[in-house]
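Contents: one structure, followed by commentary.
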Amino acid sequence: MVKDFVFGVDLDGVCADFYGKMRAVMAEWRGVDVETLTPHVSYGLPEWGLLPNEYGRLHRFAVTQRDLFLSVDPVPGAAQAIRRLGTEGVRIRIITHRLFIRYFHKIAVAQTVDWLDRHGIPYWDLCFMRDKALVDADVYVEDSPENIERLQEAGKVVVAFTNSTNVHMHPGPVLRADNWTSVEEIVRDRYYGWLRKANKKLPEAPGHEPPWPNCRHVS
Ligand SMILES: [Mg+2]
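Per our numbering, the very first residue in the sequence shown carries number 255; after that it's consecutive.
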C-alpha cells in the first residue's frame, strides 16, 4: 500500500473563525453590545465572564439554534490553501473535537460536512477526535495550546496557528504560522521534502496536479 502524505487540519480557530462567531452569539445570549466583549480571548472564554458550566449551554444554543458550524466564517485563505495542497497530492485529514456535548452529534456533524462543501474545502478523512495524536498525520495545524503541547509531546510535527488563545506560548512551538499563506508554505515544504525522499517528482507549481498517477486526487 502506498502511503500518502497526510495533513491533519483542525477546524475551529484555524479554518473556521470560531471565536468571531461565538462572540456574536455570546452578545445575543447576554443581550449586550458585541463591542463590550473582547475579541482577545483565551481558551474556554474566561474573558467573557461565563458562569460555571455555562459554556456547555451556550455552545448547545450556538450549534442548535444559530447553526454555529454552518454559519461560521472561514478563516481567510484556508479553503484556497487546502484546495491547492489537496490538488498537489496531499491527503487532507480534517481532525476536530466538535462532539464534546452529548446528544447533538447529528446536527454537529451535518453542519460540519455542509460547511466544508459550501466553502469548497476538500478532504478524504473526517475525524471527530479529542486525542488528535491518535490520528496519524505527517504535519498538523492546530490552535489550542493543550493540543499543540500534546502533539509535540507525542513527537508530532505541528504548526501552531496564531490566535489570541495561543499567542502567549513561550518559548513557543518550533513552527508557528500567523496566516494561511504561511501554513501553506510550511506544509508544502514538508511535503516536497517527503516527495524527494520517496523519489517522486514534484508538482510543476503550487496548486498543480502531481506528474504521477494519483488515484486519490482531490480537486
Ligand atoms: Mg481549534
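Cβ atoms here follow ideal geometry from the backbone N, Cα and C, with glycine treated the same way. Owing to the predicted nature of the structure, the values given are computational and were not obtained by experimental measurement.
7 Å Cβ shell around residue i - same chain, five flanking residues per side excluded
i: L324; result: Q365, D368, W369
i: R228; result: What is shown of the chain runs 255 to 473, which leaves residue 228 out entirely.
i: T247; result: Since the first residue shown for the chain is 255 and the last is 473, residue 247 is missing from the structure and cannot be characterised.
i: I355; result: G310, H313, R314
i: A408; result: A387
i: P446; result: Looking at the sequence itself, residue 446 is Tyr, so the reference to Pro does not match. L456, listed in sequence order.
Cβ neighbours of residue i in the same chain (closer than 8 Å, five flanking residues each side left out)
i: I402; result: E396, V412, A414, N420, M423, P427
i: S398; result: D264, G267, Y297, T419, N420
i: N468; result: G343
i: H462; result: T341, E342
i: A281; result: D287, V288, T290, L291
Under 8 Å between C-beta atoms of residue i and residue j
i: W378; j: R345; result: yes
i: R347; j: E438; result: no
i: Q266; j: T350; result: The residue asked about is misnamed: residue 266 is Asp in this sequence, not Gln. Going by C-beta atoms, D266 is nearer than 8 Å to T350.
i: G343; j: P464; result: yes
i: V393; j: V326; result: no
i: I336; j: V263; result: yes
i: W434; j: G331; result: yes
i: D271; j: V317; result: no
i: K451; j: W466; result: no
i: H511; j: A333; result: With the chain running from 255 to 473 in the structure shown, residue 511 is simply not present.
i: V286; j: R277; result: no
i: F259; j: W448; result: yes
Per DSSP, the bridge partner or partners of residue i
i: C381; result: I349
i: F261; result: I346, V393
i: L429; result: V413
i: A270; result: D266, P328
Cβ-based neighbour list, residue i, same chain, cut-off 6 Å, excluding 5 preceding and 5 following
i: V389; result: I349, C381, M383
i: N417; result: G267, D397
i: P457; result: E342, P464
i: D432; result: T416
i: K257; result: none
Any non-hydrogen atom of ligand 3 within 7 Å of residue i CB
i: M276; result: Absent from the structure shown: ligand 3. Ligands present: ligand 1.
Option nearest residue i by Cα separation, candidates the options
i: D385; options: E400, G374, P376; result: E400
i: R444; options: A391, A333, P376; result: A391
i: R284; options: C269, H294, G303; result: G303
i: G269; options: L299, F358, L449, P376; result: One point to set straight first is that residue 269 is Cys, not Gly, in the sequence displayed. For the residues L299, F358, L449, P376, the minimum Cα distance to C269 belongs to P376.
i: L322; options: F358, P306, N307; result: F358
Next on the checklist: Can you tell me which residues fall inside 6 Å of ligand 1, judged by beta-carbon distance to its nearest heavy atom, and keep chain order?
Outcome noted: Residues with a Cβ closer than 6 Å to any heavy atom of ligand 1, in chain order: D264, D266, G267, V268, D397, S398.
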